[in-house]
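This report concerns only the one structure given below.
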Amino acid sequence: MRLAVAAGIPATAHRRYVSGVEPIRAVQWAPGGAAVRIIDQRRLPSAYVERDLAALDDVCDAIRTLAVRGAPAIGVAAALGLVVSLAPHGAEDPATFRARMEAYASQLTATRPTAVNLPWAMQRMVARVATMWHDPAARMLEVLRAEATAILEEDRAMCAAIGAHGAVLLPDGARVLTHCNAGALATAGIGTALAPVYAAHAAGRRVHVFADETRPLLQGARLTAWELQRAGVPVTVLTDGMAASLMRAGEIDLVLVGADRIAANGDVANKIGTYAVAVAAHYHGIPMYVCAPWSTVDRATLHGDAIVIEERDPAEVRMLGGTLVTPPDVPVRNPAFDVTPHALVTAVVTDKGLYRAPYSFTY
Ligand code: MRU
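Residue numbers for the sequence shown follow my numbering, beginning at 15 and rising by one.
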């Protein structure tokens, strides 16, 4: 069910939301457009390093190793990456170029399985030139570049719209729990779950964010804490086991999380640990909002059990900051995401507005 929202805050640029600091550009064109420029998120918060990627393998590696991460950001990075890796082949015959494009798009899609934004972006790119039977490769490349730019700019606009729609959920003094990083670092714009926070903060409301550290890769402790501090938004980091206890103590007013894929029935795949947060929030009567652009809604997947959950390297669990924290050979599990059933989701905040149960993302 879609709700009409009285959005009190216009969807304007990130700069306005984050006064005094440059907007974060997690993924963008490098000057001249011959490479994709990303912030290497593996290095944050101890070092701020930008990397320019032009080869297919480098783009795939950056997505796989989470140098660029977050569902919207990896879709955008793959779109730009497809263009820059095809660029040296602009003089090829059209059929060979097209076959190469499809192979590259499949390779990019295969880097991570759970976030739907990745196949969504690749299918959109491939479809854009599907009927250009009589055009030379160079013309197809031009069209692909324009489409990738559109994907990037639309993502920025969708983030701003999520901020505008979601800010109405945050009264002055709101204490927000979030999990993982669904901020500017996870998108091409101001983020998804953090977009309402930035919008409310820019409107002069006091908002305090509690960021779960998010084991095993610490996106909350490293990335959410870094970008909120940088923007002047008060933030406190919790270890993952602390959230329920803070809820019980009355220290959390609402939960805002992002999503990697939202099934047609409203089930939500998001970073591992989100389900535990949702169960705890439900028990304590705390609203839980999922914030995501329309590109994260997967209408073809009917329910959460059909979502493929990425299993990552066990070493990510065994190691912490380069130190072994378990016996070297102890069995571990490392699913990167979990599914929160729609019954635990108070509302889904998209760029088109707020949706509440019964969810039916089939249009
Ligand atoms: O494995 P990651 O870091 O790419 O996972 C990202 C997430 O799960 C985010 O929390 C999220 O909500 C989706 S991106 C806005």
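Ideal Cβ positions, reconstructed from N, Cα and C, are used throughout, including at glycine.
| Check | Outcome |
| --- | --- |
| Given 8 Å, three or more beta-carbon pairs between the stretch 257-276 and the stretch 148-163 | no |
| Simplified DSSP state of ARG189, which is helix, strand or coil | strand |
| Same chain, Cβ closer than 7 Å to PHE351, neighbours up to 5 away in sequence not counted | THR128, ASP274, ALA283, ASN284, LYS285, ILE286, ILE323, GLU324 |
| Any non-hydrogen atom of the ligand MRU within 7 Å of ASN195 CB | yes |
| DSSP three-state assignment for ASP343, whether helix, strand or coil | coil |
| Cβ-Cβ distance between ALA207 and ALA181 below 8 Å | no |
| Residues of its chain near ARG442, where Cβ-Cβ distance is below 8 Å and the 5 sequence neighbours each way are ignored | The first residue shown for the chain is 15 and the last is 377, placing residue 442 beyond what the model contains. |
| Complete runs of the beta strand (DSSP E) confined to the stretch 238-309 [at least 3 residues] | 249-252, 268-271, 275-277, 282-285, 302-305 |
| Exposure label - HIS28; buried when at least 16 CB within 10 Å | Annotation note: pLDDT 49 at HIS28 (below 50); position unreliable, no value reported. |
| C-beta atoms of ASP66 and ALA87 nearer than 8 Å | no |
| First through last residue of the alpha helix (DSSP H) which encompasses VAL331 | 329-332 |
| For VAL221, three-class secondary structure by DSSP | strand |
| Simplified DSSP state of LEU208, which is helix, strand or coil | coil |
| For LEU67, the residue or residues it bridges with in DSSP | VAL50 |
| Neighbourhood of ALA295 by C-beta distance below 6 Å, restricted to the same chain and skipping five residues each side | VAL269, MET302 |
| For TRP12, the three-state DSSP class (helix, strand or coil) | Since the displayed the chain opens at 15 and closes at 377, residue 12 lies outside it and no answer follows. |
| Local Cβ density within 10 Å of ALA61, reported as buried at 16 or more and exposed below that | exposed |
| Exposed unless 16 or more other CB atoms sit within 10 angstroms - verdict on GLN55 | buried |
| Near the ligand MRU: PRO185 beta-carbon under 7 Å from a heavy atom | no |
| Buried or exposed by the 16-neighbour rule on C-beta atoms within 10 Å, applied to ARG170 | buried |
| Identity of the residue in GLU168, ALA178, ALA141 nearest LEU119 by Cα | The question names Leu, yet the displayed sequence has Ala at residue 119. Looking at the Cα atoms, ALA141 is the closest of the given residues. |
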